[in-house]
Amino acid sequence: MANYNHAEIEERWQRHWAKEQFHRSTVDPSRPKYYVLEMFPYPSGKLHMGHMRVYSIGDVLARFLRMRGYNVIHPMGWDAFGLPAENAAIEHRVSPAEWTAQNIAHMKKQQNRLGVSYDWEREVATCLPDYYRWTQWLFLLMYRRGLAYKKKATVNWCPHCETVLANEQVEAGCCWRCAAAVEQRELEQWFLRITDYAEPLLNDLALLDGWPERVKVMQQNWIGRSEGAEIVFGLQEFPGESFSTFTTRPDTLFGVTYMVLAPEHPLVPRLVAGTEREQEILRFVARIKRESEITRTAEEAPKIGLFTGRHAVNPVNGEAVPILVGNYVIMGYGTGAVMGVPAHDQRDFLFARQNNLPVRAVIQPPGEALNGATMTEAYTGPGTMANSGSFNGLSSTEGMRRITAHLERQGRGGFKVFYRLRDWLISRQRYWGAPIPIVYCDQCGTVPVPEEHLPVQLPLQVELSGNRVPTLTHYSSFVETACPTCGGPARRETDTMDTFICSSWYFLRYCSPKNEQAVFDPGEVDYWMPVDQYIGGIEHAVLHLLYARFFTKVLRDAGLIKAVEPFNRLLAQGMVYKDGAKMSKSKGNVVSPDEIVERYGADTGRLFILFAAPPEKDLDWSDQGVEGSHRFLRRVWRLVEDCREQLAGGDTAAAPAGQAEKALRRDVHAAVKKVTGDIQERFNFNTAISAIMELVNAIYAYRQAVAPARQHRPTLREALQNLVLILAPFAPHLAEEAWRALGSRESVHRQTWPGYDPVLLRVADVEVVVQINGKLRAKLTLPAGTTEEELLAAARAHARVSELLTGKEVVKTVTVPDKLVNIVVR
RNA sequence: GCCGAAGUGGCGGAAUUGGCAGACGCACACGACUCAAAAUCGUGCGAGCUACGCUCAUGUGGGUUCAAGUCCCACCUUCGGCACCA
Numbered sequence: 009m010a011n012y013n014h015a016e017i018e019e020r021w022q023r024h025w026a027k028e029q030f031h032r033s034t035v036d037p038s039r040p041k042y043y044v045l046e047m048f049p050y051p052s053g054k055l056h057m058g059h060m061r062v063y064s065i066g067d068v069l070a071r072f073l074r075m076r077g078y079n080v081i082h083p084m085g086w087d088a089f090g091l092p093a094e095n096a097a098i099e100h101r102v103s104p105a106e107w108t109a110q111n112i113a114h115m116k117k118q119q120n121r122l123g124v125s126y127d128w129e130r131e132v133a134t135c136l137p138d139y140y141r142w143t144q145w146l147f148l149l150m151y152r153r154g155l156a157y158k159k160k161a162t163v164n165w166c167p168h169c170e171t172v173l174a175n176e177q178v179e180a181g182c183c184w185r186c187a188a189a190v191e192q193r194e195l196e197q198w199f200l201r202i203t204d205y206a207e208p209l210l211n212d213l214a215l216l217d218g219w220p221e222r223v224k225v226m227q228q229n230w231i232g233r234s235e236g237a238e239i240v241f242g243l244q245e246f247p248g249e250s251f252s253t254f255t256t257r258p259d260t261l262f263g264v265t266y267m268v269l270a271p272e273h274p275l276v277p278r279l280v281a282g283t284e285r286e287q288e289i290l291r292f293v294a295r296i297k298r299e300s301e302i303t304r305t306a307e308e309a310p311k312i313g314l315f316t317g318r319h320a321v322n323p324v325n326g327e328a329v330p331i332l333v334g335n336y337v338i339m340g341y342g343t344g345a346v347m348g349v350p351a352h353d354q355r356d357f358l359f360a361r362q363n364n365l366p367v368r369a370v371i372q373p374p375g376e377a378l379n380g381a382t383m384t385e386a387y388t389g390p391g392t393m394a395n396s397g398s399f400n401g402l403s404s405t406e407g408m409r410r411i412t413a414h415l416e417r418q419g420r421g422g423f424k425v426f427y428r429l430r431d432w433l434i435s436r437q438r439y440w441g442a443p444i445p446i447v448y449c450d451q452c453g454t455v456p457v458p459e460e461h462l463p464v465q466l467p468l469q470v471e472l473s474g475n476r477v478p479t480l481t482h483y484s485s486f487v488e489t490a491c492p493t494c495g496g497p498a499r500r501e502t503d504t505m506d507t508f509i510c511s512s513w514y515f516l517r518y519c520s521p522k523n524e525q526a527v528f529d530p531g532e533v534d535y536w537m538p539v540d541q542y543i544g545g546i547e548h549a550v551l552h553l554l555y556a557r558f559f560t561k562v563l564r565d566a567g568l569i570k571a572v573e574p575f576n577r578l579l580a581q582g583m584v585y586k587d588g589a590k591m592s593k594s595k596g597n598v599v600s601p602d603e604i605v606e607r608y609g610a611d612t613g614r615l616f617i618l619f620a621a622p623p624e625k626d627l628d629w630s631d632q633g634v635e636g637s638h639r640f641l642r643r644v645w646r647l648v649e650d651c652r653e654q655l656a657g658g659d660t661a662a663a664p665a666g667q668a669e670k671a672l673r674r675d676v677h678a679a680v681k682k683v684t685g686d687i688q689e690r691f692n693f694n695t696a697i698s699a700i701m702e703l704v705n706a707i708y709a710y711r712q713a714v715a716p717a718r719q720h721r722p723t724l725r726e727a728l729q730n731l732v733l734i735l736a737p738f739a740p741h742l743a744e745e746a747w748r749a750l751g752s753r754e755s756v757h758r759q760t761w762p763g764y765d766p767v768l769l770r771v772a773d774v775e776v777v778v779q780i781n782g783k784l785r786a787k788l789t790l791p792a793g794t795t796e797e798e799l800l801a802a803a804r805a806h807a808r809v810s811e812l813l814t815g816k817e818v819v820k821t822v823t824v825p826d827k828l829v830n831i832v833v834r
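The first sequence begins at 9 in our numbering and counts up one residue at a time.
1) In angstroms with no decimal places, state the Cα-to-Cα distance between E811 and E775.
2) Below 9 Å between beta carbons: does that hold for A803 and L788?
3) Would you kindly work out how many angstroms separate the C-alpha atoms of K297 and K311, rounded to a whole number?
4) Would I65 and P623 qualify as a contact pair, given that the criterion is a beta-carbon distance under 9 Å?
5) Using CA coordinates, which residue listed in R420, L73, P492 and F619 is at the minimum distance from E460?
6) Give the range of the alpha helix (DSSP H) segment to which K570 is assigned.
7) CB T454 to CB V346, shorter than 9 Å?
8) With a Cβ-Cβ cutoff of 9 Å, do L800 and V819 count as a contact?
9) Mapping DSSP to helix, strand and coil, what is L750?
10) Could you compute how far the alpha carbon of V425 sits from the alpha carbon of D204?
11) What does Q192 pair with, by DSSP beta-bridge criteria?
12) State the Cα-Cα distance for the pair Y12 and L750, rounded to the nearest angstrom.
13) Using alpha carbons as the reference points, say which of M226, F693, E488 and M505 lies closest to P497.
14) Is DSSP giving Y710 helix, strand or coil here?
15) In angstroms, rounded to a whole number, what distance separates the CA positions of C641 and A713?
16) What would DSSP say about G218, mapped onto helix, strand or coil?
17) How long is the line joining the alpha carbons of I831 and S404, rounded to whole angstroms?
18) Looking at C-alpha atoms only, which residue of F315, T343 and A679 is the closest neighbour of P330?
19) C449 lies in the beta strand (DSSP E); which residues open and close that run?
20) Starting from the C-beta of G389, find all residues in its chain whose C-beta is less than 7 Å away, skip the five residues before and the five after it, and write them out in chain order.
21) Relative to the alpha-carbon of D650, which residue among I707, F693 and A671 has its alpha-carbon at the smallest distance?
22) To the nearest whole angstrom, what separates the beta carbons of L429 and W230, a pair I think is in contact under 8 Å?
23) Give the C-beta separation of H100 and K54 to the nearest angstrom, bearing in mind that I take them to be a contact with Cβ-Cβ under 8 Å.
24) Would you mind sorting M9 into buried or exposed? The rule is 16 or more other CB atoms within 10 Å of its CB.
25) Measuring only the C-alpha atoms, how far is L733 from P762?
26) DSSP on L543, reduced to helix/strand/coil?
27) Is it the case that the Cβ atoms of P463 and Y140 are separated by a distance below 9 Å?
28) Using C-beta distances below 7 Å, list every residue in its chain close to S637, excluding the 5 sequence neighbours before and after it, in chain order.
29) Starting from H319 and walking both ways along the beta strand (DSSP E), at which residues does that stretch end?
30) In chain order, which alpha helix (DSSP H) runs of at least 4 residues are fully inside the stretch 781–830?
31) Label E129 either buried or exposed according to how many other C-beta atoms from any shown protein chain fall within 10 Å of its C-beta, with 16 as the threshold for buried.
32) By how many angstroms is the C-alpha of R420 removed from the C-alpha of G218?
33) Take the Cβ of N730 as the centre, count every other Cβ of all protein chains shown within 10 Å, and call the residue buried at 16 or more, exposed below.
34) Nearest to G391 by alpha carbon, out of R257, G422 and G313?
35) Measuring CA to CA, which of V683, E573, R758 and E196 is closest to S698?
36) Please state the DSSP three-state secondary structure of Y78.
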């Protein structure tokens, strides 16, 4: 008997599939399409277990759906721009382009060794000119539509990466990539106006039924919508001038006893100019500005507020209240000015008590009368308005509406929605990225590069002698150019784009990756899009997944695509752990896919990774578990080897099909049903695999129970064929080999997914559970479909049951047909 | 503080609609085969007990129900997101 030689089998079939272009996909309107997409990797150099996991999940789906008759597109590519290539360039003295190309070549080999069924004709790499040309084209589209703009702003600066970062790329005040503390800098930078799309990005989350709740909630939190009123306060010492504030509680406007401005508020220097405390306050402001986000937002940071000596005029009652500058007010949210309502906001309350500011209750809780002087905490619930002039007696909900309407009539404010979401800062002061296609001319100002001049090429001769790859400012041949408008001397923009731009549209480029005329072919994009199933790590819940949704919406508004949302269903796969920790070099608990493929084969690795946990949960790597999966595949292999000759002999069976055959057929059809449902509806590959294992156990049991000569060949053949078919998405190489061994000249992956016969699933006898007072007391084997009366009679007739019922009064009986009898006694 | 996910044997996990808790696998133990080992095949495997059965058991405490891992209430723990958010 031939041993299971995984290395030989896997290599042979991989070569065959590649040669026959097995996984090519082309537009075919006669068939339903299915777009299976795994997040494309950064070409770091080698695959890790997280990659192996995501590709295994995607490939099972792709292969399953092909067998189900779908026209499946399953592409792969490279998110190839980014900082690691620059670091590697300095370390190894090799250009980022070369380093990246080598990594891509190596990782592609690794992916192929996993037996993943990609259509390599659709491969894209974001760092190649034929791709970033269109990234630049999309930037220009944004520019034309007023969605790309340059402004001077306080931005996040990572001192370690020496570049600015988007808000989404700052985690707890630190750089998402290197964890260095992020600083604030005033710089002129390019932004994308993602805030214009805050509302659709939020509302359309409701369309995403196939997304995990947690991801939708994370995006919702990030966008951070809050409804309220914008209110304009006058300045007592500067008649005719004003500033505005945002509040979610306009009903408490009469309770305002002070106002607080953010230290960065543009009004601050003017307000304090010439006052006694001018120097003190300016020093305070300067100090706060220097503080990092971490110290400033720390839990224990004391709330400091300094009185400016100036007053704000409440638009609703003309009252003048002191204006303070406070460290707890943030310029980046709302208007950077907050009204202090100590009676109805706990933070304001503590602040007021600490600083001896008056507290005035204007919302009375039901059946209570608050007194500002004596209350011990803020009342933040709803109630009846008091001390609020003509609004007294209204409910707080009604008050919100009325006061806002009143302000609107007076031209002193109105209804307003604020979002936490900020515009996307996309400039990067780095070399290895897509150049921003903009030219600055002294005569014409900021000029977009005309489309026909694209791509704006990165210089490939890179200076590698220093300790970092120089930015594009270093290359005079790149910087100096002619103005596209007037032809005069001009300078190119030297910042490159955030790599998240490149990855915000790659799934569209896959649809027509070689098109040189357009960013993508509209017909092809409309056929394939949206992505039916997207699979990737949860770390992109806000970053990539929000940006890609934004791009999709812009492209749709521009009439370029029909899809409203890019990804219909999303599977956020869990992480791979070992010995209780995430696999990492520093922990020394890394297992590489190469090692597993080498030792056990790709089929074993895939099977284990899918069997160990449901895809969205974290997975605990177990070397012994891998052994187990390998053992299972060897068991399948032996089964096929043992049966092939027996089955090759034709069907002149000595014995007719009997009870054992009937039972086996039922097991086969039940397994097909279970595996189909588990893949299709539940994505529970772990239970699908366990069902296949049960089937294998059943076939072994049959062969053990029935003498070889009496084994019924058609039944055995059906069992083995179905086994191989349902195993094919999980262990594609072994299944291919086994399928041919069973006598087919075609590929198992070109077969139709097996169906099951519901008639065969029916059983003659069922096991019925007998409970007394809900406790299991007996099990009966009865013909299926036994009536309730007969069921009950059979239960009572059972020796043990009748014994337990003696002397008891039966209060009630419950029967579930073919399943259970419960007798309630007293 | 707000929001989300989770908590089941020694371990990974299963139980899809409220109906036999622990499928499948790992580990372990025993048996068969073998001179022996590996591999393989088979059997057992939640805990306790006065043991051919009974009791307890799905984070804790209550509740609903003939019946709860599953539904309701309160709480604990872990993980994740947001957060001086006005």
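We treat Cβ as the ideally placed atom computed from N, Cα and C, and that holds for glycine.
So, from the data block:
1) For the purposes of this step, residue 811 is identified with residue 803 of the first sequence, where counting begins at 1. For the purposes of this step, residue 775 is identified with residue 767 of the first sequence, where counting begins at 1. In this structure, the alpha-carbon of E811 lies about 21 Å from that of E775.
2) Translated into the one-based positions of the first sequence, residue 803 becomes position 795. Translated into the one-based positions of the first sequence, residue 788 becomes position 780. Going by beta carbons, A803 and L788 fall inside the 9 Å limit.
3) As a first step, residue 297 must be located in the first sequence, where it is residue number 289. As a first step, residue 311 must be located in the first sequence, where it is residue number 303. Distance between the alpha carbons of K297 and K311: 15 Å.
4) On the first sequence, position 57 is the one that residue 65 refers to. On the first sequence, position 615 is the one that residue 623 refers to. With contacts defined as CB atoms closer than 9 Å, I65 and P623 qualify as a contacting pair.
5) Residue mapping note: residue 460 aligns to position 452 of the first sequence, counting from 1. Out of R420, L73, P492 and F619, P492 has the C-alpha closest to the C-alpha of E460.
6) Walking along the first sequence from the start, residue 570 turns up at place 562. Careful: K570 lies outside any alpha helix (DSSP H) and carries neither H nor E.
7) Reading the first sequence from its first residue, position 446 is the one you call residue 454. Reading the first sequence from its first residue, position 338 is the one you call residue 346. Not a contact, by the Cβ cut-off of 9 Å.
8) Residue mapping note: residue 800 aligns to position 792 of the first sequence, counting from 1. Residue mapping note: residue 819 aligns to position 811 of the first sequence, counting from 1. No, the pair does not count as a contact, with Cβ atoms beyond the cut-off.
9) The residue labelled residue 750 in the question sits at position 742 within the first sequence. Reduced to three states, the DSSP call for L750 is coil.
10) For the purposes of this step, residue 425 is taken as the residue at position 417 of the first sequence. For the purposes of this step, residue 204 is taken as the residue at position 196 of the first sequence. The alpha-carbon atoms of V425 and D204 are separated by roughly 12 Å.
11) Here residue 192 refers to the residue found at position 184 of the first sequence. N164, per the DSSP bridge assignment.
12) Numbered from its first residue, the first sequence carries residue 12 at position 4. Numbered from its first residue, the first sequence carries residue 750 at position 742. Distance between the alpha carbons of Y12 and L750 is about 15 Å.
13) As a position in the first sequence, residue 497 is number 489, starting the count at 1. Checked all of M226, F693, E488 and M505; the closest Cα to P497 is E488.
14) Translated into positions along the first sequence, residue 710 becomes position 702. In this structure, Y710 counts as helix in the three-state DSSP scheme.
15) One-based indexing of the first sequence puts residue 641 at position 633. One-based indexing of the first sequence puts residue 713 at position 705. Reading off the sequence, residue 641 comes out as Leu, not Cys. Going by the C-alpha atoms only, they are around 22 Å apart.
16) In the first sequence, counting from the first residue as 1, residue 218 sits at position 210. Of the three classes helix, strand and coil, the one that applies to G218 here is strand, per DSSP.
17) Counted from its first residue, the first sequence places residue 831 at position 823. Counted from its first residue, the first sequence places residue 404 at position 396. The C-alpha of S404 is placed about 57 Å away from the C-alpha of I831.
18) Numbered from 1 along the first sequence, position 322 holds the residue referred to as residue 330. Closest by alpha carbon: F315.
19) Here residue 449 corresponds to residue number 441 of the first sequence, with the count starting at 1. Residues I446 to C449.
20) Within the first sequence, the letter at position 381 stands for residue 389. Result list for G389: P373, in chain order.
21) In the first sequence, counting from the first residue as 1, residue 650 sits at position 642. Sorting I707, F693 and A671 by C-alpha distance to the C-alpha of D650 places I707 at the top.
22) Counting from one through the first sequence, the residue named residue 429 turns up at place 421. Counting from one through the first sequence, the residue named residue 230 turns up at place 222. Yes, they are in contact, since the Cβ atoms of L429 and W230 sit about 7 Å apart, within 8 Å.
23) Locating residue 100 in the first sequence gives position 92, where the first residue counts as 1. Locating residue 54 in the first sequence gives position 46, where the first residue counts as 1. With a beta-carbon spacing of about 15 Å, H100 and K54 fall beyond the 8 Å limit used to define contacts.
24) Looking up residue 9 in the first sequence gives position 1. Here the model assigns M9 a pLDDT of 41, short of 50, so the residue's position is not dependable and the matter cannot be decided.
25) Working through the first sequence from its first residue, we reach residue 733 at position 725. Working through the first sequence from its first residue, we reach residue 762 at position 754. Taking the Cα positions, L733 is about 7 Å away from P762.
26) As a working note, residue 543 is residue 535 in the first sequence. In the sequence as displayed, the identity of residue 543 is Ile instead of Leu. Strand at I543.
27) Position 455 of the first sequence holds residue 463. Position 132 of the first sequence holds residue 140. Taking 9 Å as the Cβ cut-off, P463 and Y140 qualify as a contacting pair.
28) Taking the first residue of the first sequence as 1, we reach residue 637 at position 629. Closer than 7 Å at the Cβ level, and outside the excluded window around S637, lie T612, L615, F616 and F619.
29) For the purposes of this step, residue 319 is taken as residue 311 along the first sequence, with counting starting at 1. Its beta strand (DSSP E) spans residues G313 to V321.
30) Inside the stretch 781–830, DSSP marks whole alpha helix (DSSP H) runs of 4 or more residues at positions 796–805 and 807–813, from first to last along the chain.
31) As a working mapping, residue 129 is identified with position 121 in the first sequence. It counts as exposed.
32) Within the first sequence, residue 218 is the residue found at index 210, counting from 1. Within the first sequence, residue 420 is the residue found at index 412, counting from 1. Cα to Cα, the separation comes out at about 44 Å.
33) Here the question's residue 730 lines up with position 722 in the first sequence. Classification of N730: buried, given that the 10 Å Cβ count is 16 or more.
34) By one-based count along the first sequence, residue 391 stands at place 383. Checked all of R257, G422 and G313; the closest Cα to G391 is R257.
35) Locating residue 698 in the first sequence gives position 690, where the first residue counts as 1. Minimum Cα distance to S698 is reached at V683.
36) For the purposes of this step, residue 78 is taken as residue 70 along the first sequence, with counting starting at 1. In the three-state DSSP reduction, Y78 falls in the coil class, being neither helix nor strand.
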